[in-house]
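FYI, in mature numbering (1 follows the signal peptide of the UniProt record, and there is no 0) the residues of the sequence shown are -15 to -1, 1 to 152.
Where is the CB? At the ideal position from N, CA and C, for every residue including glycine.
Treat the numbers as computed from the prediction; the structure is a model and nothing was measured.
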Amino acid sequence: MRAVVLLSLIAVALAQQPSQCPGPSAFSGRFRRIDRERQYFVDGRIWYDELNRRVREFEAEEIGRDREFIDRLVLYNLNIEYTVNLRNRTCTVSAPRRPFVPYGVPPDARFQGEGTAGVVGKPGEEVTLAMFSGTFSGENYFVSVTEPDCFPVQFGLLGNQSFFHQE
């Protein structure tokens, strides 16, 4: 009888741990990148298409007192990134700066913890976040998603020569 109770408690505890989820296959949204030490601030919009591996970002970027407006289209299937500086009207074509990483939680991700943002106990004023981490294409990543919908809130990628963080 004790063994049955113990196994039941273990099953209930394991059932409480959030599992990996694929996230949306296409979405649009807003994001920010901030580095106060370097006086770097970006306010942007993103359009994401996982099926065709395409990402488009429009960024209003401030570095110190300089302000740039960047329109970036990354076509991962073609291994091409177009970057248009709208202020000085230049277009740069290059290979993508980062590997394609699907938004959401990859199957091999490790659950790190869970938290709540907003006013707890007030309907419609809180969201539960699940945090995961792992390795993708040789680079470490971390991701936070909403529970239970798996909408991406925060993503970071840390490689040998690069760091990328987006909210």
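- Distance between residue 80 and residue 60, taken at the CA atoms: about 9 Å.
- Across the structure, residue 9 and residue 101 are spaced so that their CA atoms are roughly 21 Å apart.
- Counting only the Cα atoms, residue 29 lies some 11 Å from residue 47.
- The region 102 to 117 and the region 70 to 78 do not touch, with fewer than three beta-carbon pairs separated by less than 8 Å.
- Annotation for residue 16: the continuous beta strand (DSSP E) segment containing it runs 11 to 20.
- Residue 137 counts as buried, since at least 16 other C-beta atoms from the protein chains shown sit within 10 angstroms of its C-beta.
- Shown here, residue 63 sits in a helix according to DSSP, grouped into three states.
- Residue 99 carries a strand assignment under DSSP once its states are collapsed to helix, strand and coil.
- Shown here, residue 70 sits in a strand according to DSSP, grouped into three states.
- A distance of 8 Å or more separates the beta carbons of residue 104 and residue 6.
- For the pair residue 42 and residue 107, the Cα-to-Cα distance works out to about 34 Å.
- Here residue 39 is bridged, per DSSP, to 34 and 60.
- As computed with DSSP, residue 26 is found in a beta bridge with 19 and 47.
- Exclusion of the five residues before and after residue 97 leaves 116, 117 and 118 as the residues of its chain whose Cβ lies within less than 7 Å of its Cβ.
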